[in-house]
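K.L.:
Here's a structure for you.
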Amino acid sequence: MESTTNPASLSYSAEATLTKAPVVQATAVLDPALHLEACAEALEQSLKRSAQCPAGFPDACPDAPSDAMVREISNDSIGFKAELQIFLSTFFTIFLAEVGDKTQLTVLLMSAESQSPWVVFLGAGAALISTSLFGVLLGRWLSTQLSPKTLETSAGLLLLGISLMLGWEFFNSLA
Amino acid sequence: MNWHLLSLSFAMVFVSELGDKSQLAAIALGGSTRSMRAVFLGTAVALLLASFLGVILGGSAAQVLPTRWVKAIAAIGFAVMGVRLLLSARESDLPET
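Here is the structure:
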């Protein structure tokens, strides 16, 4: 009997694959009743898991059972898409904040005054990479010292503070 | 290679960047993110590109980019990330259902 041609079992299999639910046992596929039962169980498990998703990372839901658990696991387990999303959001906000900032102006002036702008870029680039590395490592160290809740609250307030600083510069430039 | 100019530009940028808002952002994001690597790469590439543009455009950078509005967009971006983290902190406080 070809149970895989049954439309109901096909859609259940697709659902289970999409939500990364445990793979339905091959033996169950031979018996439609067993198959449906196994699929319903898998679906229920994946629904339970997606209910625990952390707020703010909807795209990473199937991969992210809980924030605390994810912190325990290495970076590689969060998936390329989630990582790319973090990279892009970091990149765009920092880049936009940094355009026209004093660091960029320093580099601009120094390269204009000197005869070798690429040496200035090399020095500035090395400095920027090391300050951002220090920043990220300091944040990482703080995350081992504070509770997740304290950490998220203070990081959120810090980002809001940066937002206010930028907003202040914006309104000052209007005047 | 002009080592004097190299070390001078390194020192100047390093000092002016210490405790600056992009480093504060790197601290905040690096501690609360699930991928430290992505935050580091994002920060470093953004800073490199910004200073690269400074070198390329020279004095004309201010005319090419509407700095004021770029800053406003960045302010909104940081506010969104901050609120997200605060909401996530509040959520973890709620009892499990």
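Residue numbers (our numbering), protein chains in the order written: chain U, 1 to 175; chain S, 1001 to 1097. Cβ coordinates follow ideal geometry from the N, Cα and C atoms, glycine included. If you're wondering where the values come from, they're calculated on a predicted model, not measured in any experiment.
1) Where Thr-153 (chain U) and Ser-163 (chain U) are concerned, what is the direct C-alpha to C-alpha distance, given to the nearest angstrom?
2) Report the residue from S:Ala-1074, S:Ala-1050, S:Ile-1073 whose alpha carbon sits nearest the alpha carbon of Val-107 (chain U).
3) Nearest by alpha-carbon distance to Ala-1089 (chain S): which of U:Phe-170, U:Leu-160, U:Ser-147, U:Phe-171 is it?
4) Are the C-beta of Lys-81 (chain U) and some C-beta of chain S separated by less than 8 angstroms?
5) Considering only their Cβ atoms, is the gap separating Ile-86 (chain U) from Thr-1043 (chain S) smaller than 8 angstroms?
6) Are Ala-97 (chain U) and Ser-1022 (chain S) close, meaning C-beta to C-beta below 8 angstroms?
7) Once DSSP output is grouped into helix, strand and coil, what is the label at Leu-1018 (chain S)?
8) Distance, Cα to Cα, Leu-1047 (chain S) vs Leu-1005 (chain S)?
9) Tell me which same chain residues have a C-beta within less than 6 angstroms of the C-beta of Val-1080 (chain S), skipping the five on either side of it?
10) Looking only at C-alpha atoms, which of S:Ala-1026, S:Phe-1014, S:Arg-1068, S:Trp-1069 sits nearest to Ser-89 (chain U)?
11) So what's Gln-104 (chain U) in DSSP terms, helix, strand or just coil?
12) Just to confirm my understanding: we take Leu-1029 (chain S), look at its own chain, exclude 5 residues before and 5 after, and list those with CB closer than 7 angstroms. What are they?
13) Let me make sure I understand the geometry here. Which of S:Leu-1053, S:Asp-1020, S:Ser-1035, S:Phe-1052 has the alpha-carbon closest to that of Leu-166 (chain U)?
14) Phe-1078 (chain S) and Leu-133 (chain U): beta carbons closer than 8 angstroms?
15) Mapping DSSP to helix, strand and coil, what is Thr-1033 (chain S)?
16) Just how far apart, CA to CA, sit Leu-174 (chain U) and Met-1001 (chain S)?
17) For the alpha helix (DSSP H) that Gly-123 (chain U) lies in, which residues bound it at each end?
18) Candidates U:Trp-168, U:Phe-121, U:Phe-91, U:Gln-115: which alpha carbon is nearest Leu-105 (chain U)'s?
19) Can you check whether the C-beta of Met-165 (chain U) is within less than 8 angstroms of a C-beta belonging to chain S?
20) Which residues, in order along the stretch 110-133 of chain U, keep a beta-carbon less than 9 angstroms from a beta-carbon of chain S?
21) Between Ala-155 (chain U) and chain S, is there a C-beta pair that is closer than 8 angstroms?
22) Report the option in S:Arg-1037, S:Thr-1067, S:Thr-1033 whose CA atom is closest to the CA atom of Leu-1085 (chain S).
23) Counting only Cβ pairs nearer than 7 angstroms, list the residues of chain S close to Ala-175 (chain U).
24) Out of S:Gly-1082, S:Val-1070, S:Ala-1075, which has the shortest C-alpha to C-alpha gap to Val-99 (chain U)?
P.N.:
With the given structure in hand:
1) For the purposes of this step, residue 153 (chain U) is taken as residue 153 along the first sequence, with counting starting at 1. For the purposes of this step, residue 163 (chain U) is taken as residue 163 along the first sequence, with counting starting at 1. Cα-Cα distance, rounded: 15 angstroms.
2) The residue you call residue 107 (chain U) lines up with position 107 of the first sequence. The candidate whose alpha carbon is nearest that of Val-107 (chain U) is S:Ala-1050.
3) Here residue 1089 (chain S) refers to the residue found at position 89 of the second sequence. Answer by Cα proximity: U:Ser-147.
4) For the purposes of this step, residue 81 (chain U) is taken as the residue at position 81 of the first sequence. Lys-81 (chain U) does not count as touching chain S.
5) The count along the second sequence starts at 1 and reaches residue 1043 (chain S) at position 43. The count along the first sequence starts at 1 and reaches residue 86 (chain U) at position 86. No, Cβ-Cβ distance for Thr-1043 (chain S) and Ile-86 (chain U) is not below 8 angstroms.
6) Translated into positions along the first sequence, residue 97 (chain U) becomes position 97. Translated into positions along the second sequence, residue 1022 (chain S) becomes position 22. Yes. Within cutoff.
7) Mapped onto the second sequence, residue 1018 (chain S) falls at position 18. The DSSP-derived three-state label of Leu-1018 (chain S) is coil.
8) By 1-based counting over the second sequence, the position of residue 1047 (chain S) is 47. By 1-based counting over the second sequence, the position of residue 1005 (chain S) is 5. Going by the C-alpha atoms only, they are around 20 angstroms apart.
9) Taking the second sequence and counting its residues from 1, the one referred to as residue 1080 (chain S) is at position 80. Answer for Val-1080 (chain S): no residue qualifies.
10) Position 89 of the first sequence, counted from the first residue, corresponds to residue 89 (chain U). Ser-89 (chain U) has its Cα closest to that of S:Ala-1026, out of S:Ala-1026, S:Phe-1014, S:Arg-1068, S:Trp-1069.
11) Within the first sequence, the letter at position 104 stands for residue 104 (chain U). Correct three-state label for Gln-104 (chain U): helix.
12) Within the second sequence, the letter at position 29 stands for residue 1029 (chain S). Same-chain partners within the cutoff: Val-1039.
13) Within the first sequence, residue 166 (chain U) is the residue found at index 166, counting from 1. Ranking the options by Cα distance to Leu-166 (chain U), first place goes to S:Asp-1020.
14) The residue labelled residue 1078 (chain S) in the question sits at position 78 within the second sequence. The residue labelled residue 133 (chain U) in the question sits at position 133 within the first sequence. Their beta carbons are not under 8 angstroms apart, which means Phe-1078 (chain S) does not touch Leu-133 (chain U) by this criterion.
15) Position 33 of the second sequence holds residue 1033 (chain S). Coil, per DSSP.
16) For the purposes of this step, residue 174 (chain U) is identified with residue 174 of the first sequence, where counting begins at 1. For the purposes of this step, residue 1001 (chain S) is identified with residue 1 of the second sequence, where counting begins at 1. Each residue's Cα considered, the two are about 43 angstroms apart.
17) Along the first sequence, read from residue 1 onward, the residue named residue 123 (chain U) stands at position 123. Looking at the DSSP string, the run of the alpha helix (DSSP H) that includes Gly-123 (chain U) is 117-145.
18) Within the first sequence, numbered from 1, the residue matching residue 105 (chain U) stands at position 105. Per the Cα distances, U:Phe-121.
19) Stepping through the first sequence from its first residue, residue 165 (chain U) is reached at position 165. Output row for Met-165 (chain U): interface = yes.
20) When C-beta distances to chain S are compared with 9 angstroms, the residues of the stretch 110-133 of chain U below that value are Met-110, Ser-111, Ala-112, Ser-114, Gln-115, Ser-116, Pro-117, Trp-118, Val-119, Val-120, Phe-121, Leu-122, Gly-123, Ala-124, Gly-125, Ala-126, Ala-127, Leu-128, Ile-129, Ser-130, Thr-131, Ser-132, Leu-133, in chain order.
21) If you number the first sequence from 1, residue 155 (chain U) lands on position 155. Taking Cβ atoms only, chain S reaches closer than 8 angstroms to Ala-155 (chain U), which makes this a yes.
22) Residue mapping note: residue 1085 (chain S) aligns to position 85 of the second sequence, counting from 1. Considering only alpha carbons, the answer is S:Thr-1033.
23) Here residue 175 (chain U) refers to the residue found at position 175 of the first sequence. The contacting residues do not exist; Ala-175 (chain U) stays about 11 angstroms from chain S at best.
24) As a position in the first sequence, residue 99 (chain U) is number 99, starting the count at 1. Checking every option, the nearest Cα to that of Val-99 (chain U) belongs to S:Val-1070.
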